[in-house]
Amino acid sequence: MAKLIDGKVISAAVKNEVATEVAALKEKGVTPGLAVIIVGEDPASKVYVANKEKACEQLGMASFKYALPENTTENELLELINKLNNDSSVNGILCQLPLPRHLNEELIINSIIPEKDVDAFHPQNVGKIMIGNYDFLPCTPAGIMEMLKYENIEIEGKECVVIGRSNIVGKPMSMLLLHKNGTVTVCHSRTKNLKDVCRRADILVAAVGRANFVTADMVKPGAVVIDVGINRLENGKLCGDVNFAEVEPVASYITPVPGGVGPMTIATLMKNTLTAAKKQNNI
Ligand code: NDP
Numbered sequence: 009m010a011k012l013i014d015g016k017v018i019s020a021a022v023k024n025e026v027a028t029e030v031a032a033l034k035e036k037g038v039t040p041g042l043a044v045i046i047v048g049e050d051p052a053s054k055v056y057v058a059n060k061e062k063a064c065e066q067l068g069m070a071s072f073k074y075a076l077p078e079n080t081t082e083n084e085l086l087e088l089i090n091k092l093n094n095d096s097s098v099n100g101i102l103c104q105l106p107l108p109r110h111l112n113e114e115l116i117i118n119s120i121i122p123e124k125d126v127d128a129f130h131p132q133n134v135g136k137i138m139i140g141n142y143d144f145l146p147c148t149p150a151g152i153m154e155m156l157k158y159e160n161i162e163i164e165g166k167e168c169v170v171i172g173r174s175n176i177v178g179k180p181m182s183m184l185l186l187h188k189n190g191t192v193t194v195c196h197s198r199t200k201n202l203k204d205v206c207r208r209a210d211i212l213v214a215a216v217g218r219a220n221f222v223t224a225d226m227v228k229p230g231a232v233v234i235d236v237g238i239n240r241l242e243n244g245k246l247c248g249d250v251n252f253a254e255v256e257p258v259a260s261y262i263t264p265v266p267g268g269v270g271p272m273t274i275a276t277l278m279k280n281t282l283t284a285a286k287k288q289n290n291i
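If you're matching positions, the sequence shown starts at 9 in my numbering and goes up one per residue.
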């Protein structure tokens, strides 16, 4: 039976540290502020944005929400980002993805100044992650690294397999594991013999976006299994990329969905906003 890696407990510990630092900053007259932009009515995005606002409030940070209509033009969005880039009460800016199709995601992401890019999606920040000298850690992968650290799970020399190569999760995840001296394999939809590759993993990270994709026969006995996926089933329930019931008896550690990686992503976002506020105020 695997040990459950509890994202709620670990994220609470991270958030506590952030809250203490926020309180100290406030005594110096600085309140970290996060601006969150959401365009359109995507229900999942609305939930994520609400959770981010709630976290800011819990930790004593300022949050500025901009809920824009679906038909917002690129120019209108760029104008808002430009305004926020120049607003000293805003230390972090994020634009909730996905954006409606008529908006060029790359253009929008690149218009957020790197110093306020708390999602770490700007090419300058991505480049820094690649080199291993970063200001902001990408939120989901960094949250996962925090979980591994909290559980004292050794990465050095371990076979790490990441399923998924997105810019948001898979690629930066593989970089962070590499920086900690893991031997990293990145899999994707064209990978051959996926099952065999996954079975080599001491640490298996699933970021596919397909419910119950990772089955017991893909997992080496005793592996650490990290489930990034958030999939909504027809019955409305949330479900990960890992078939939890099957895999849990085989793994040594496993993250649940919900209550695993998700809360860690938000905790890292808060940490990044704090870092941004400190840097922008030379603290
Ligand atoms: P993307 O859709 O951008 O990427 C999915 C990746 O999975 C792609 O690289 C794709 O390969 C790969 N893939 C798809 N099908 C297969 C297959 N049959 N075999 C092997 N690989 C496959 O998703 P994201 O990375 O943005 O997100 C992944 C999941 O994580 C989603 O469920 C998302 O909701 C969740 N998520 C959760 C977060 C959290 O905080 N917990 C944060 C961000 C995301 P290819 O590149 O070849 O197409």
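A virtual CB, placed ideally from N, CA and C, is assigned to each residue, including glycine.
Check: residue i C-beta below 7 Å from any heavy atom of the ligand NDP
i	result
residue 171	yes
residue 127	no
residue 247	no
residue 70	no
residue 177	yes
residue 195	yes
residue 215	yes
residue 199	yes
residue 270	yes
residue 273	yes
residue 239	yes
residue 145	no
residue 207	no
residue 156	no
residue 202	yes
residue 223	no
residue 109	no
residue 182	no
residue 148	yes
residue 232	no
residue 57	no
residue 250	no
residue 119	no
residue 134	no
residue 236	yes
residue 174	yes
Contact belief for residue i with residue j at Cβ below 8 Å, rounded distance in angstroms
i	j	result
residue 259	residue 233	4 Å
residue 251	residue 222	6 Å
residue 263	residue 269	6 Å
residue 272	residue 165	The pair is not a contact, with the Cβ atoms about 24 Å apart (cut-off 8 Å).
residue 23	residue 278	6 Å
residue 155	residue 18	6 Å
Residues sharing a beta bridge with residue i, DSSP
i	result
residue 71	42
residue 64	Paired residue(s): none; residue 64 is not in a bridge.
residue 167	191
residue 214	171 and 235
residue 100	42
residue 247	239
residue 261	11 and 232
residue 17	Beta-bridge pairing links residue 17 to no other residue.
residue 222	250
residue 76	47
Meets three-Cβ-pair contact criterion under 8 Å: the stretch 96-103 and the stretch 121-132
Output reads yes: the stretch 121-132 touches the stretch 96-103.
Three or more C-beta pairs closer than 8 Å, one from the stretch 141-148 and one from the stretch 195-211: is that the case here?
Touching, no, given that fewer than three Cβ pairs across the two stretches are closer than 8 Å.
Three or more C-beta pairs below 8 Å linking the stretch 238-254 and the stretch 216-230
The stretch 238-254 vs the stretch 216-230: in contact.
Report yes or no: do three or more beta-carbon pairs, one from the stretch 34-43 and one from the stretch 188-195, lie closer than 8 Å?
No: fewer than three Cβ pairs fall under 8 Å.
With three or more beta-carbon pairs closer than 8 Å as the criterion, would you say the stretch 56-68 touches the stretch 89-96?
The stretch 56-68 is not in contact with the stretch 89-96.
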